[in-house]
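Comments concern the structure below.
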Amino acid sequence: MLHAFDASKRESLQKLQDAIDKSPKGSIDAPIVDMIEAVNGHPNYVTSSSCSGRIAVFCGVAEDGADHLITKGGKWLVSSHAPVSYDELHAAVLADPSQLNGMVIFKHEPFIMHVQCRDEEAAKAMLQCGLACGFRESGVVLGNKRTMVAIRTTANSMEIPIALNGKLMVDDVYLRWILAIANEKFAANVVKTQRFMAELSSALFAPPRTQLTSMSATRAAIEVLRAGHTSVLHKGRVYLLGGQGATATGTSRLSDVVVVDAATKAVLQTCDMPMTARMHHSAVVHNGAMLVFGGRASPTKALNELYSINLTTLECTVLATTGDVPSPRYGHAAVLVGNAMVILGGRDATRVLNDVFVLDLGVTPPAWRVRRSGPSMFQHAAVAVRQEVYCFGGRATPDALDEMTLQSLHVYDMIGDSWRVQATTGKVLPCARASLQAVNVQDQHIVLTGGSSSLMTCQRDVFSLHLDRMSWRQHEALDDGAVLSSHSMVYDDATASCLITGGSCQCFGFGSVYSPVYVLALELQVVVEASTASASATTAPASKTLVIVVEKALVKTVKTRLEALSLYDKNRRIAPVVNGPVDGACMVPVYDAIQQLGPDEVLEKHLAHVVPESAAATCVIAITNAAPIRVKKTPAVTSDAKLAVPPSKKKNKQKKEAAATTTDVPVAVVAPNTPVTEAHGVLVPKDQVKAVKTQLEALGLYDKSRRIHPSNEDPSVFVAPILVADLPSSLAHLPVVVDAANARKPVLNPNVLVHSLLQAHAAAHGLGLAPSKFEFIADILVLPKNACMEPAWRDRTLWLAVADAVQTIRRVARNADVDPNDRRQSRVSLLFVHPAFEPPSNGVGWVEVRENGLTYGWDIERVMFSSGNVTEKARMARIGCANEVIVDLYAGIGYYVVPFLVHGKAAYVHALEWNPDSVACLQHNLARNGVSDRCSVYLGDNRVTGPSLGAIADRVNLGLLPSSELGWPVAVQVLKAGGGMLHVHENVAVDHMDAWKQHVVRSIESLAVSFGKHWTVELVHFERVKSYAPKVFHIVADLRCSPRPTL
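Using the UniProt record's numbering, the first residue of the sequence shown is number 1, and each one after it goes up by one.
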């Protein structure tokens, strides 16, 4: 007999299947189809109604005489589950307002979902997910027959009357304003909904945590003689499309679909598709359709059509889209993240691409959007894991003879629209390779197979990446017949196996050699959480119950590191080794995967002592410090007085005393009236402080009653306080010093110290509030502009006191706005110079700093220096300009010239600058950094000096604020006829960024034509350097200029 919930769920799902839904449009909203299917696929839940969120306009009908009360229904004029343009709103609502009878209400309604739950516990779990993601008005309703949970929020909703009885009550400006707000709210709603789905996936729908213990490959009976194809899995069937393969007339590109049964591995059907034959394309599955993008018809003919193949009928149609369509490409990667198809990288006939495009499949028609660019790569592997895309391998250059260098794991975050390089470990790491394949296994592992490498043979390789530990493991390679290059692979969770099809290589004299079809079976071992281990007797235990044998003093250090690597087995306890050969040894339980761990500074010396638990008693380890001797800080007791012990603590004290009498650890006790001994510390380089502190704590030697502080002799070295004067042998390399309290100065924030002194001075002289924020440039304290202007601030005793409090301060200056003229000269003024300061030969205002390993010097009273652009200078240093000729139109003191030459290894830089003071500093900095021989400096207006250079540049930098637009014509003239890169700086308001992007691209293209250069200009990267003013950012646009193909 069915449980009442199961019967109700079956009825609800039948209604949903019949498209009987309570929402006006009669079906599930496309943006949340995956979410609803996941909820309904869970045994404890079934949805009753839902809305992904919408922008809507409703015209309501009122009773006679009650115009403001909607009581007789009405009609939806707009109901959009996507952003709405003003033109769409105008066409649907405003074209003829006189036809609107009743009250017209403009709305934004956020996501809402009602779910029937099996019981109260299931409802509580769902509710916690909603509340954690910001759906604050969510709640549970307990009925007689049903337990319901509503996931909702009103924080993002809008409901505004805009018209009444045919009369528009607001003006056009107001309508545009509320529409913009609604679109912003809609975008925020999408992000919140995606976060909720991710929370459900990890908290409720995630499979149990597993260890991928082994993989074994067998050959399938079928043949797939092709390479460069794609494959997808849908409802127990694998669909292969295109590629290049063997035909009756030889080898050619294909356009057919081959259907394979995922269980039996039998070919069920082959069907030609009405599309251009192609290879190196991409495909994903969405709503029962295979979406195919790009590929190539020949090495010089890349494609960018988007096809939709219905996987039930195998009908193929071109899918219409809107937005910025990706350029033709092949060798790219495509993944599905929620309702978005993500395209990453690829190449065309001449270049490798680094762009990212997202196709929003939740709107009709689907819309393309450009996202943040990543590394240049093609023939790489990409895997979607929740809201992130993991990319590995590929080629960075179009030349097949170039060495492959992409060995890092690059991760694209969909929600944050950001890239990062993910650090990984492992005994053996996969080498740089291209034409590989990778799949996602339960959002916990990535399985990687094959590829081609410029360094080694790897087409038989099999690796797995554990996503919790970010640790690679190499598995047994496939047999000698495997040729896994430009192959395809899908993972079937129902059979816990991968189906690997195709792949080929060229064999001299024999043409293409194709790989057999392989079934790669995965052995996934469930990891039992501590809370459920005892309750689940049927769950498989750890296969070897491994432990690390370590000395007791190091247990905490080892355990902390193991937890950070997700290698510590919480299901078992740390225990002493009984009857072992060494006293004081302990067993720390670990997972089997520790055997795959690569080099690790903390665990390296312990990995030799990883043994099965049953063998721990035979493991011999070296005891470096069996028990540290700690001095107990016992206060002196006079003959006529006793220590008062609170009654509540007597029992604990007695237990400690009893334990002390039974331990073998020697304890040094300070006798009454013993003088206080000297405090000691160890000298530690700054970059090792944290590691040494952790080690001292693990050994019980760290004195928590004192602070780590800089050494008086050398501020770059720190003193870590210790309890004893004699260190164990493992720390013998650290110098021990006397750390007397009177030899230490309190370490305070310089900002706080300076502010307190200035505030005291201001109070004593009735000057009002003193400035609280300062800039420190080398030895100069820079006050904010217009600060400390009154005569009382000229008191030298004040600034002497400031310099004495903060020993690094030797000069004080006041900031000021840069000159508004084109030369942007500094107006900073020096207020105080310490008597002990020795002015450099370049003048009393000369200062030098180190940034990114480079030295910059300038006169602070004559030349502007932007310390806030350090990240952009670092970006330019690694932009990839080796062996290039660069023109910097606004060179200044060498902000970008020096990084181009020193770190970027540019062949030559032509530096243009018309401020004589800046030119003097630039020449000094070129010499100071040893690159004067690779740079020519031109003093004067770049509109005169620039064109005289001719078209010599591979790259041009335009680093002038607030705008470099006057230099755009010069930049176009000096860039080579074949194009190159432009880096355009500008201050742009947030609201104008999209318009400015279009403006700069169109302007450069137009200027190029006027100088006889017919270029395609592409915005390949857009960098927000820093905030310049409220809602105004200093940005840099990286523009690639390339020749247009001639017909």
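Every residue gets a Cβ at the ideal spot worked out from N, C-alpha and C, and that includes glycine.
Bear in mind that the values here come from a model prediction, so they are computed numbers and not experimental data.
Give the straight-line distance between the Cα atoms of residue i and residue j, rounded to the nearest whole angstrom.
i            : j            : result
residue 483  : residue 517  : 10 Å
residue 460  : residue 76   : 59 Å
residue 17   : residue 120  : 27 Å
residue 537  : residue 614  : At residue 537 the pLDDT is 33, less than 50, meaning the model places this residue with poor confidence; the figure from the coordinates comes in the next sentence. So the alpha carbons of these two residues sit roughly 21 Å apart.
residue 548  : residue 327  : 54 Å
residue 753  : residue 802  : 8 Å
residue 697  : residue 607  : 22 Å
residue 595  : residue 560  : 18 Å
residue 30   : residue 572  : 46 Å
residue 437  : residue 494  : 20 Å
residue 376  : residue 148  : 49 Å
residue 864  : residue 707  : 39 Å
residue 32   : residue 914  : 58 Å
residue 430  : residue 599  : 15 Å
residue 258  : residue 489  : 14 Å
residue 542  : residue 211  : With a pLDDT of 37 at residue 542, under the threshold of 50, the modelled position of that residue is not reliable, and the figure given next carries that caveat. Going from the Cα of residue 542 to the Cα of residue 211 covers about 10 Å.
residue 196  : residue 43   : 19 Å
residue 272  : residue 314  : 9 Å
residue 581  : residue 699  : 22 Å
residue 207  : residue 469  : 17 Å
residue 1018 : residue 1041 : 7 Å
residue 200  : residue 568  : 26 Å
residue 882  : residue 956  : 14 Å
residue 665  : residue 551  : Since pLDDT at residue 665 reaches only 29, below the 50 mark, its modelled position is unreliable, and no value is offered.
Counting along the chain, where does the beta strand (DSSP E) carrying residue i start and finish?
i            : result
residue 1043 : 1032-1043
residue 86   : Segment 86-89 is the alpha helix (DSSP H) holding residue 86; no beta strand (DSSP E) there.
residue 197  : Premise fails: residue 197 lies in the alpha helix (DSSP H), 172-203, not in any beta strand (DSSP E).
residue 292  : 289-293
residue 858  : 854-859
residue 329  : Where residue 329 is concerned, there is no enclosing beta strand (DSSP E), given that its DSSP letter is neither H nor E.
residue 987  : 980-989
residue 116  : 112-117
residue 309  : 306-310
Compute the beta-carbon to beta-carbon distance between residue i and residue j, rounded to the nearest angstrom, for a pair I have assumed lies under 8 Å.
i           : j            : result
residue 411 : residue 388  : 5 Å
residue 918 : residue 893  : 5 Å
residue 283 : residue 334  : 7 Å
residue 555 : residue 586  : 5 Å
residue 324 : residue 369  : 7 Å
residue 860 : residue 828  : 5 Å
residue 253 : residue 297  : 7 Å
residue 47  : residue 114  : 7 Å
residue 989 : residue 1031 : 6 Å
residue 409 : residue 421  : 7 Å
residue 813 : residue 757  : About 17 Å separates the two Cβ atoms, so there is no contact after all.
Terminal residues of the continuous alpha helix (DSSP H) containing residue i?
i            : result
residue 8    : 4-17
residue 1010 : 993-1010
residue 556  : 555-564
residue 222  : Neither: residue 222 is in no alpha helix (DSSP H) and is coded neither H nor E.
residue 871  : 870-877
residue 368  : Residue 368 -> not in any alpha helix (DSSP H); beta strand (DSSP E) instead, spanning 367-371.
residue 900  : 897-902
residue 973  : 968-974
* Asked: On the three-pair Cβ rule with 8 Å, is the region 137-156 touching the region 83-100?
  -> These segments do not touch.
* Which runs of the beta strand (DSSP E) spanning at least 3 residues fall entirely within the region 389-472, listed in chain order? -> If only uninterrupted beta strand (DSSP E) runs of at least 3 residues are considered, those enclosed by the region 389-472 are 409-413, 418-422, 437-441, 445-449, 462-466.
* To do: Output the residue ranges of the beta strand (DSSP E) runs that lie fully inside the region 924-954 and measure 3 residues or longer, sorted by chain position.
  => Given a length threshold of 3 residues, each whole run of the beta strand (DSSP E) inside the region 924-954 is given here in chain order: 935-939.
* To do: Return the chain-ordered ranges of every beta strand (DSSP E) run that is complete within the region 259-285 and spans a minimum of 3 residues.
  => Fully enclosed beta strand (DSSP E) runs of 3 or longer: 267-272.
* Inter-stretch contact (C-beta, 8 Å, three-pair minimum) for the region 354-368 and the region 318-335 -> Yes, since at least three Cβ pairs between the region 354-368 and the region 318-335 fall closer than 8 Å, the two stretches touch.
* To do: Would you be able to state if there are at least three C-beta pairs under 8 Å between the region 220-230 and the region 279-289?
  => The region 279-289 vs the region 220-230: in contact.
* **Any 3 or more C-beta pairs closer than 8 Å across the region 934-944 and the region 953-962** => Counting C-beta pairs with one atom in each stretch, the region 934-944 and the region 953-962 have fewer than three that are closer than 8 Å, which means they do not touch.
* For the region 48-63 and the region 103-116, state whether three or more C-beta atom pairs, one from each stretch, are separated by less than 8 Å. => The region 48-63 and the region 103-116 touch, with no fewer than 3 CB-CB distances between them shorter than 8 Å.
* **Stretch pair the region 895-912 + the region 873-886: three plus CB contacts closer than 8 Å** => Short answer: they touch.
* Asked: Are there three or more Cβ pairs, one per stretch, closer than 8 Å when the region 334-344 is compared with the region 287-294?
  -> Enough Cβ pairs lie closer than 8 Å, so yes.
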